[in-house]
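Okay, structure first, notes after.
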Amino acid sequence: MHEFQFTEEQNMLREMARDFVNNEIKPIASKIDQEEKIPDDLKKKLAELGFLGVAFPEEYGGGGFGEVGYCIMQEEMARGCMSTATFIGAHQSIGANVIYLGGNEEQKQKYLVPLAKGEKIGAFCLTEAQAGSDSFNVKTKAVLDGNEWVINGEKLWITNGGIADIVSVFARTEKGVSAFVVETNNPGFQPGPPEKKMGIKGSTTNAITFDNVRIPKENLIGTDGRGFILAMKTLDAGRLGLGAACLGASKELLELSVQYAKQRKQFDQSISHFQAIQFMLAEMSTLIFAMESMVYRTAVDYDLKKDVSQKSAMVKLFCSESLDKIADYAVQIHGGMGYSRELPIERFYRDSRINRIFEGTNEIQKGIIAHIALKKNGKM
Numbered sequence: 001m002h003e004f005q006f007t008e009e010q011n012m013l014r015e016m017a018r019d020f021v022n023n024e025i026k027p028i029a030s031k032i033d034q035e036e037k038i039p040d041d042l043k044k045k046l047a048e049l050g051f052l053g054v055a056f057p058e059e060y061g062g063g064g065f066g067e068v069g070y071c072i073m074q075e076e077m078a079r080g081c082m083s084t085a086t087f088i089g090a091h092q093s094i095g096a097n098v099i100y101l102g103g104n105e106e107q108k109q110k111y112l113v114p115l116a117k118g119e120k121i122g123a124f125c126l127t128e129a130q131a132g133s134d135s136f137n138v139k140t141k142a143v144l145d146g147n148e149w150v151i152n153g154e155k156l157w158i159t160n161g162g163i164a165d166i167v168s169v170f171a172r173t174e175k176g177v178s179a180f181v182v183e184t185n186n187p188g189f190q191p192g193p194p195e196k197k198m199g200i201k202g203s204t205t206n207a208i209t210f211d212n213v214r215i216p217k218e219n220l221i222g223t224d225g226r227g228f229i230l231a232m233k234t235l236d237a238g239r240l241g242l243g244a245a246c247l248g249a250s251k252e253l254l255e256l257s258v259q260y261a262k263q264r265k266q267f268d269q270s271i272s273h274f275q276a277i278q279f280m281l282a283e284m285s286t287l288i289f290a291m292e293s294m295v296y297r298t299a300v301d302y303d304l305k306k307d308v309s310q311k312s313a314m315v316k317l318f319c320s321e322s323l324d325k326i327a328d329y330a331v332q333i334h335g336g337m338g339y340s341r342e343l344p345i346e347r348f349y350r351d352s353r354i355n356r357i358f359e360g361t362n363e364i365q366k367g368i369i370a371h372i373a374l375k376k377n378g379k380m
């Protein structure tokens with residue numbers, strides 16, 4: 001097995017993202033958490049530097065870095081602020097990606113280009129009250145009326161729902177679940193108040209009501225009735241990006257924990273000399289090595305257009321559970337300071353917990369992994 005190497009361009013992208021995070025995001029990350037809002041000027045800077053379309057081809061206004069580049073960027077973003085990484089993920093990795101994966105040339109020029117450039121913000125509207133994990137059970141309806149689709153229904157837990165300009169919506173037609181592009185300034189598109197959450201507070205999450213929202217007939221993405229397959233394909237990328245964000249947060253927590261362990265004195269020596277602390281750092285390091293290997297191996301396969309449904313589910317499952325363990329160790333190593341708002345550790349701890357729930361619960365991931373294992377007779 002030859003050693004995996006990043007290209008010079010990929011390393012430059014990482015440097016650029018890291019500098020941006022250190023200078024622009026880390027200084028305000030605690031404020032983003034407290035005020036439950038990502039400042040507009042930060043979103044503007046993200047757009048100007050091309051971070052909001054880094055994965056998409058240059059012909060559609062993107063950075064042309066593919067999934068590997070996207071994972072590199074998300075890893076760095078999550079080191080500063082999980083809320084910001086979540087905002088980017090919902091916009092690019094799932095919201096805009098539906099149009100990239102399923103849209104025709106006209107739809108890509110009209111909608112993907114402004115999304116990739118960050119001139120417009122995107123969101124992904126799948127989840128409903130009765131259709132979270134059971135996403136096939138979508139009740140939102142789309143009915144063809146002359147040259148327009150009329151959409152009615154309600155979506156829940158939509159990241160960027162209240163701030164998006166363009167959303168990818170999954171609704172049921174006579175032929176099954178279908179995907180549509182909806183501009184949020186359409187009459188009848190109504191976001192509810194932002195949800196109050198335990199973590200990732202800076203990312204906006206809303207319920208959305210569609211009350212006779214009329215969109216042009218040509219806003220159907222792909223084939224009528226084939227939207228569910230497109231949703232699942234989009235989530236493959238989403239789960240991979242989520243794994244990359246968990247990896248970045250984990251690396252940050254390890255670094256902070258090592259620094260603290262060297263500085264903190266107890267019993268006349270730094271606590272880094274204690275085996276109990278060393279063992280926690282060892283566990284953290286080992287999980288990170290496994291996470292990093294999984295994320296980039298799968299991202300390479302994704303860019304090679306291989307089927308990564310099972311691997312993406314594994315990445316999501318393993319990385320979200322690993323980050324929870326790592327965040328817990330980080331709090332323990334920092335002791336009382338880890339529980340204090342003075343340091344970012346407690347914010348990472350709160351932000352971590354959602355990763356086992358969104359983009360498909362970890363129980364759903366296990367179902368996907370097992371289903372494919374059974375289909376392939378256990379051959380990896």
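Going by UniProt numbering, 234 is the number at position 234 of the sequence shown; the sequence numbering is gapless.
C-beta: ideal position from N, C-alpha, C; glycine also.
Sub-7 Å separation of residue i and residue j beta-carbons
| i | j | result |
| --- | --- | --- |
| Ser272 | Ile326 | no |
| Ala207 | Gly192 | yes |
| Tyr349 | Glu67 | no |
| Thr159 | Ser93 | no |
| Ala123 | Ala78 | no |
| Met314 | Ile364 | no |
| Val295 | Cys125 | no |
| Asp33 | Lys201 | yes |
| Lys120 | Pro114 | yes |
| Ala29 | Cys81 | yes |
| Ala164 | Val98 | no |
| Glu148 | Arg214 | yes |
| Gly63 | Leu230 | no |
| Gln74 | Ala299 | no |
| Asp211 | Val308 | no |
| Ile333 | Ala261 | yes |
| Lys155 | Asp224 | no |
| Cys319 | Met291 | yes |
| Val177 | Asn219 | no |
| Tyr339 | Met284 | no |
| Thr188 | Asp351 | Note that residue 188 is Gly in the sequence shown here, rather than Thr. Result no, Cβ atoms of Gly188 and Asp351 do not sit closer than 7 Å. |
Alpha-carbon spacing of residue i relative to residue j, whole angstroms
| i | j | result |
| --- | --- | --- |
| His371 | Lys45 | 42 Å |
| residue 433 | Pro216 | Limits of the chain in this structure are 1 at one end and 380 at the other, which puts residue 433 out of reach. |
| Ser322 | Lys375 | 27 Å |
| Ile38 | Phe20 | 15 Å |
| Ala373 | Met380 | 8 Å |
| Gln190 | Trp157 | 14 Å |
| Lys366 | Lys305 | 23 Å |
| Ile221 | Asn23 | 39 Å |
| Phe279 | Gly248 | 21 Å |
| Thr286 | Gly132 | 33 Å |
| Ser312 | Asn362 | 12 Å |
| Gln266 | Thr84 | 36 Å |
| residue 383 | Leu242 | Given that the chain is displayed from residue 1 to residue 380, the structure contains no residue 383 and the question cannot be resolved. |
| Asp324 | Val331 | 11 Å |
| residue 390 | Gln269 | Outside the displayed range of the chain (1 to 380) lies residue 390, so it cannot be described from this structure. |
Spatial neighbours of residue i in its chain, beta-carbon cut-off 8 Å, leaving aside the 5 residues before and after
| i | result |
| --- | --- |
| Met194 | In the sequence under discussion, the amino acid at residue 194 is Pro, which differs from the Met named in the question. Same-chain partners within the cutoff: Glu36, Gly162, Thr204, Thr205, Asn206. |
| Asp40 | none |
| Lys141 | Ile151, Asn152, Gly153, Ala171, Arg172, Thr173 |
| Phe65 | Glu9, Gln10, Leu13, Val54, Ala55, Ile72, Met73 |
| Tyr100 | Phe56, Tyr60, Lys108, Leu112 |
Top-ranked residue by Cα proximity to residue i, from the options
| i | options | result |
| --- | --- | --- |
| Arg353 | Asn377, Leu317, Lys366 | Leu317 |
| Leu281 | Gly132, Ser257, Val213 | Ser257 |
| Gly360 | Glu76, Asn104, Ser135, Glu106 | Ser135 |
| Leu343 | Lys265, Ser168, Leu52, Pro27 | Pro27 |
| Thr127 | Tyr111, Glu105, Ser168 | Ser168 |
| Gly95 | Lys175, Ile166, Lys155 | Ile166 |
| Met232 | Leu254, Leu287, Gln310 | Gln310 |
| Glu183 | Leu112, Ile333, Tyr260, Gly378 | Leu112 |
| Asn137 | Asn355, Phe228, Gln332 | Phe228 |
| Lys139 | Asp324, Gln130, Tyr100 | Gln130 |
| Glu255 | Ile288, Gln5, Asn355 | Ile288 |
| Leu42 | Gly50, Glu58, Ile25 | Ile25 |
Residues near residue i by beta carbon distance below 6 Å, same chain, minus five either side
| i | result |
| --- | --- |
| Val143 | Val150 |
| Ala47 | Gly118 |
Reduced DSSP category for residue i - H, G, I as helix; E, B as strand; rest coil
| i | result |
| --- | --- |
| Phe4 | coil |
| Thr286 | helix |
| Arg214 | strand |
| Glu119 | coil |
| Leu46 | helix |
| Leu13 | helix |
| Val54 | coil |
| Glu67 | helix |
| Ile158 | strand |
| Ala207 | strand |
| Gln266 | strand |
| Phe274 | coil |
| Ala142 | strand |
| Ala327 | helix |
| Leu317 | helix |
Near the ligand FMN: residue i beta-carbon under 6 Å from a heavy atom
| i | result |
| --- | --- |
| Lys201 | The ligand FMN is not part of the structure shown, which contains no ligands of any sort. |
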